[in-house]
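Colleague: Per our numbering, the first sequence starts with residue 45, numbered consecutively. Input: one structure, supplied below.
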Amino acid sequence: MRASQLHLPTLREPPKDAETISHQFLVRGGYIRRVAAGIYSFLPLGVRSMEKVKRVVREEMDRAGAQEVFLPAIVPAELWIESGRWQKYGPELLRLKDRKQAEYCVGPTHEEVVVDLVRKDVRSYKQLPINLYQIQTKFRDEIRPRAGLMRGREFVMKDAYSFDATVEGAHKSYKGMYAAYNKIFTRLGLRFRPVEADTGNIGGSMSHEFQVLADSGEDAIVACSACDFAANVEKAPLQPSDWADTPDDLDLPHAVETPGAKSIEQVCKLLACKPEQMIKAVLYMADEAPAVAFVRGDREVNEIKVKKALGCQALFLAEADWFVKATGLPPGYLGPILPDDFEPSRVRLIADAEIAGMATAVCGANVKQQHLVDVSPSRDLAHLTFADLRMAVAGDACPTCGGALQAFRGIEVGHVFYLGQRYSKAMNATFLDEQGQEQVFEMGCYGIGVTRILSAAIEQNHDARGIRWPVALAPYEAVVLAMGQDAVITELAAQLAEELRQAGVDTVLDDRDERPGVKFNDADLIGYPLQIVVGKKAAEAVVELKVRHSGEKLELPAAGLAGQVAKAMVLGRAGQTLTADLLR
RNA sequence: CGGGGAGUAGCGCAGUCUGGUAGCGCAUCUGCUUUGGGAGCAGAAUGUCGCAGGUUCAAAUCCUGUCUCCCCGACCA
45 MRASQLHLPT
55 LREPPKDAET
65 ISHQFLVRGG
75 YIRRVAAGIY
85 SFLPLGVRSM
95 EKVKRVVREE
105 MDRAGAQEVF
115 LPAIVPAELW
125 IESGRWQKYG
135 PELLRLKDRK
145 QAEYCVGPTH
155 EEVVVDLVRK
165 DVRSYKQLPI
175 NLYQIQTKFR
185 DEIRPRAGLM
195 RGREFVMKDA
205 YSFDATVEGA
215 HKSYKGMYAA
225 YNKIFTRLGL
235 RFRPVEADTG
245 NIGGSMSHEF
255 QVLADSGEDA
265 IVACSACDFA
275 ANVEKAPLQP
285 SDWADTPDDL
295 DLPHAVETPG
305 AKSIEQVCKL
315 LACKPEQMIK
325 AVLYMADEAP
335 AVAFVRGDRE
345 VNEIKVKKAL
355 GCQALFLAEA
365 DWFVKATGLP
375 PGYLGPILPD
385 DFEPSRVRLI
395 ADAEIAGMAT
405 AVCGANVKQQ
415 HLVDVSPSRD
425 LAHLTFADLR
435 MAVAGDACPT
445 CGGALQAFRG
455 IEVGHVFYLG
465 QRYSKAMNAT
475 FLDEQGQEQV
485 FEMGCYGIGV
495 TRILSAAIEQ
505 NHDARGIRWP
515 VALAPYEAVV
525 LAMGQDAVIT
535 ELAAQLAEEL
545 RQAGVDTVLD
555 DRDERPGVKF
565 NDADLIGYPL
575 QIVVGKKAAE
585 AVVELKVRHS
595 GEKLELPAAG
605 LAGQVAKAMV
615 LGRAGQTLTA
625 DLLR
């Protein structure tokens, strides 16, 4: 391909609505253009990179025994009503009506459609297992789309659904997908980690996220330094602490004046203590009823764990006014020791297990402007319900081996779920087993964020000048930069580009009548893994190579170069990072 | 939905306080020169100043309403 013929509008300056690195480079590099909030057009380069993701995904899905289908983007409401999600899903579901006023939605995920498809045609255990996947444009009317392709409203996703006769079969399907996902992300050249995950509102009981490791990632994950354990911090269970003994000479809890000190920080300053010696109260509205979660002063509450511990459906941070009306307790001075005359059923109290391990603690006194000191949890807080409520952090003990956890940031690009019968049961999807008995399908679902992968890859692979694509994701694997319009140069450059093309390397010939600086800068920005510069030594048939990822440069004769590059690209397409060594 | 910010040429921005011919850089087009890290000179084209009302002799600028976008938070297979 000739750059002079390519629609490749690069921008020198980032558009002001792009703050994230990947968003900026995707727009500046001429990959995407914004159409509306969270909705993008893909330009030729963007399409090429996206197609490369799809190809790898298809190959590995097919290899794993899944079959591609293509389901409708627009789904009739009746299917969603049947699964119960028409009510539950909320405003994120884009609903619309046709001319007859019949209701539809734009599918944000396709469990309903695929269950409907399978229940109609699959009647026997002999037809199982079956795994169907599609690559579709999805729409989720996100409250706040952001960061370009990272969290768009419209996005492309690969979603697969497995149907099995038994739980064991479903687990096998799940493992098959888990293995396929490892292959896919490895081939795409990404540094990633599968982690245990919360199942969210899609339901199910077993779930892993595939996280691309990047400092800018939205998700916090922890991984054990000693064993294989890795989990989203939302999910990571923590080991309970042993009860700490009450120090012998400790007074009974007594109140001290702490005027105006509502935050942990202010109390610490006033009483000269540390956040880890305090008990923090976080106020919630749990299914319309007040509840308080206590964690150590330096910890974050994990609301998913709180939700589970309380067994509630909806959990929101409580508005202070509402909470006061409901309980009469003073926000800012709330503590786990309630006044004797307080009716305990008016508020649910739960405490993080770690609090049990505190020797002494400072907490709110449930009286304005006062805190209690010399609180010994083992002596004074035995009435509380203790549970694992906090976010895991680096240094916590691994729940499986006790080793130290490390913290990472990640971008979720894949998610595998064991669903069980949640959808198949709701939608009465059954088959006949060997005994002729009607059985409900065991399901799993498996997603990959195709467009998000592009953003994630850039977040992980870039420098100040631009993108450093893994070979497998680059729109073109190599660019031949012709330095000037001299005939010796243009002819050698054209010849090299043709040889590379014939050797199977996706190549662009930058034949534009631009100054060298423009070509170098565009090449760095766009992120071709390999730049081949035809210039000063063209007369001797020697060219210069620059490996974008490592920045390595080397000079090589043009003769035989194409074959060598082709060999290196084969390794690159398998997920290996391109280096100068592979080219020599 | 809460808090903050912004809508002026394709992109990035100034001008708004203090009303008076709509500007700058980059990009684009033409010509000449230039050609190893975003060239120089000369010329050209490009705008419902987000939208709708209002005040005024006169509105990008003041007033009212409204829409959109961005950031933080809540939310999220």
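All residues carry an ideal CB built from backbone N, CA and C; glycine is no exception. Note that this is a predicted model, so its numbers are computed, not measured.
1) Fully enclosed by the segment 558-597, which beta strand (DSSP E) runs are 3 residues long or longer?
2) How many angstroms separate the CA atom of T631 from the CA atom of E320?
3) Can you check whether the CB of L433 is closer than 8 Å to the CB of N410?
4) Go ahead and pull the three-state DSSP assignment for Q180.
5) Please name the residue, chosen from R390, K227, D365 and G408, that lies closest to I381 on a Cα-to-Cα basis.
6) Could you spell out the range, first to last residue, of the alpha helix (DSSP H) harbouring R99?
7) For the structure I just gave you, are there three or more beta carbon pairs, one from the segment 184-199 and one from the segment 75-85, closer than 8 Å?
8) Take G548 and list the residues in its own chain whose beta-carbon comes closer than 8 Å to its own, dropping the five residues that flank it on each side.
9) Where does the unbroken alpha helix (DSSP H) through A353 begin, and where does it stop?
10) Going by DSSP, what residues sit across from M329 in a beta bridge?
11) Buried or exposed for T495, please, with buried defined as at least 16 other CB atoms from any protein chain shown within 10 angstroms of its CB.
12) How close, in whole Å, do the beta carbons of Q283 and P120 come, if the pair is a contact with beta carbons under 8 Å?
13) So D418 is in the beta strand (DSSP E); what residue range does that whole segment cover?
14) On the DSSP letters alone, give me the boundaries of the beta strand (DSSP E) that T495 sits inside.
15) For the segment 447-494, list the beta strand (DSSP E) runs that are entirely contained and at least 3 residues long, ordered along the chain.
16) For the segment 249-310, list the alpha helix (DSSP H) runs that are entirely contained and at least 4 residues long, ordered along the chain.
17) Taking the C-alpha atoms as reference points, what is the distance between T64 and D440?
18) Taking the Cβ atom as the reference point for each residue, do R46 and L553 lie within a distance shorter than 8 Å?
19) Thinking C-beta only, is Q180 closer than 8 Å to L115?
20) What residue range does the alpha helix (DSSP H) around I228 cover?
21) I'd like to check one pair, A258 with Q504: are the Cβ atoms closer than 8 Å?
22) Considering E147, what are the terminal residues of the beta strand (DSSP E) in which it resides?
23) How many Å lie between R237 and A299 at the Cα?
24) Candidates C312, L123, A585 and D418: which alpha carbon is nearest G295's?
25) Could you pull the DSSP bridge partners for Q111 from this structure?
26) Going by DSSP in three states, G616 sits in which element: helix, strand or coil?
27) Rounding to the nearest angstrom, what Cα-Cα distance links Y117 and L161 in this structure?
28) So, helix, strand or coil for I511, using DSSP?
29) Report yes or no: do three or more beta-carbon pairs, one from the segment 125-133 and one from the segment 526-541, lie closer than 8 Å?
30) By how many angstroms is the C-alpha of M105 removed from the C-alpha of V492?
31) Determine which residues share a DSSP beta bridge with F207 and list them.
32) Would you mind working out which of G379, A330, P88 and M402 sits nearest W287, comparing C-alpha positions?
33) Considering only the beta carbon of each residue, do V277 and A431 sit closer than 8 Å?
34) Assign K141 to one of three DSSP states: helix, strand, or coil.
35) Which partner residues of M201 appear in the DSSP bridge assignment?
36) Does DSSP classify F69 as helix, strand or coil?
Modeller: Here's the rundown:
1) 574-578 and 586-591
2) The requested residue 631 does not occur in the structure, where the chain is confined to residues 45 to 628.
3) Here residue 410 refers to the residue found at position 366 when the first sequence is read from its first residue. Here residue 433 refers to the residue found at position 389 when the first sequence is read from its first residue. No, they are not a contact pair.
4) In the first sequence, the residue the question calls residue 180 occupies position 136. Correct three-state label for Q180: strand.
5) Translated into positions along the first sequence, residue 381 becomes position 337. Cα-wise, what sits closest to I381 is G408.
6) As a first step, residue 99 is located in the first sequence; it is residue number 55 there, counting from the start. Segment P88 to R107, the alpha helix (DSSP H) holding R99.
7) yes
8) Locating residue 548 in the first sequence gives position 504, where the first residue counts as 1. Here the set comprises A610 and M613.
9) Position 309 of the first sequence, counted from the start, is the residue given in the question as residue 353. A353 -> alpha helix (DSSP H) spans E347 to L354.
10) What you label residue 329 is simply residue 285 of the first sequence in a count that begins at 1. Beta-bridge pairing links M329 to P334 and F360.
11) The residue labelled residue 495 in the question sits at position 451 within the first sequence. Result: buried.
12) Counted from its first residue, the first sequence places residue 283 at position 239. Counted from its first residue, the first sequence places residue 120 at position 76. With a Cβ gap of about 48 Å, Q283 and P120 do not count as contacting.
13) Residue 418 sits at position 374 when you count from the first residue of the first sequence. It spans Q414 to V419 - the beta strand (DSSP E) in which D418 sits, taken as one unbroken run.
14) The residue you call residue 495 lines up with position 451 of the first sequence. Segment V494 to Q504 is the alpha helix (DSSP H) holding T495; no beta strand (DSSP E) there.
15) 449-464, 474-476, 482-484 and 486-493
16) none
17) In the first sequence, residue 64 corresponds to position 20, counting from 1. In the first sequence, residue 440 corresponds to position 396, counting from 1. Rounded to whole angstroms, T64 to D440 spans 31 Å at the Cα level.
18) For the purposes of this step, residue 46 is identified with residue 2 of the first sequence, where counting begins at 1. For the purposes of this step, residue 553 is identified with residue 509 of the first sequence, where counting begins at 1. Against a cut-off of 8 Å, the Cβ pair of L553 and R46 comes out as a contact.
19) Numbered from its first residue, the first sequence carries residue 115 at position 71. Numbered from its first residue, the first sequence carries residue 180 at position 136. For L115 and Q180, yes; Cβs fall inside 8 Å.
20) Numbered from 1 along the first sequence, position 184 holds the residue referred to as residue 228. Note, I228: alpha helix (DSSP H), V211 to R231.
21) Looking up residue 504 in the first sequence gives position 460. Looking up residue 258 in the first sequence gives position 214. Yes; because the gap between Cβ atoms is below 8 Å, this pair is in contact.
22) As a position in the first sequence, residue 147 is number 103, starting the count at 1. E147 to V150 is the span of the beta strand (DSSP E), which, as asked, contains E147.
23) Taking the first residue of the first sequence as 1, we reach residue 237 at position 193. Taking the first residue of the first sequence as 1, we reach residue 299 at position 255. Taking the straight line from one Cα to the other gives about 48 Å.
24) To locate residue 295, count along the first sequence from 1; it is residue 251. A small fix is needed here, since residue 295 is Asp in this sequence, not Gly. Selected option, being the one with the closest Cα: D418.
25) Locating residue 111 in the first sequence gives position 67, where the first residue counts as 1. Per DSSP, L176.
26) As a position in the first sequence, residue 616 is number 572, starting the count at 1. It is helical.
27) Along the first sequence, read from residue 1 onward, the residue named residue 117 stands at position 73. Along the first sequence, read from residue 1 onward, the residue named residue 161 stands at position 117. Before going further, note that residue 117 is Ala rather than Tyr in the sequence given. Each residue's alpha carbon lies about 14 Å from the other.
28) Position 467 of the first sequence, counted from the first residue, corresponds to residue 511. Here I511 sits in strand by DSSP.
29) no
30) Here residue 492 corresponds to residue number 448 of the first sequence, with the count starting at 1. Here residue 105 corresponds to residue number 61 of the first sequence, with the count starting at 1. The residue asked about is misnamed: residue 492 is Ile in this sequence, not Val. Cα-Cα distance, rounded: 11 Å.
31) Counted from its first residue, the first sequence places residue 207 at position 163. Answer is I174 and M487, bridged to F207.
32) The count along the first sequence starts at 1 and reaches residue 287 at position 243. Selected option, being the one with the closest Cα: M402.
33) Mapped onto the first sequence, residue 277 falls at position 233. Mapped onto the first sequence, residue 431 falls at position 387. Not a contact, by the Cβ cut-off of 8 Å.
34) Position 97 of the first sequence holds residue 141. Here K141 sits in strand by DSSP.
35) Along the first sequence, one-based indexing puts residue 201 at 157. Note: M201 sits in a beta bridge opposite Q180 and G493.
36) Locating residue 69 in the first sequence gives position 25, where the first residue counts as 1. DSSP places F69 in helix when its eight states are reduced to three.
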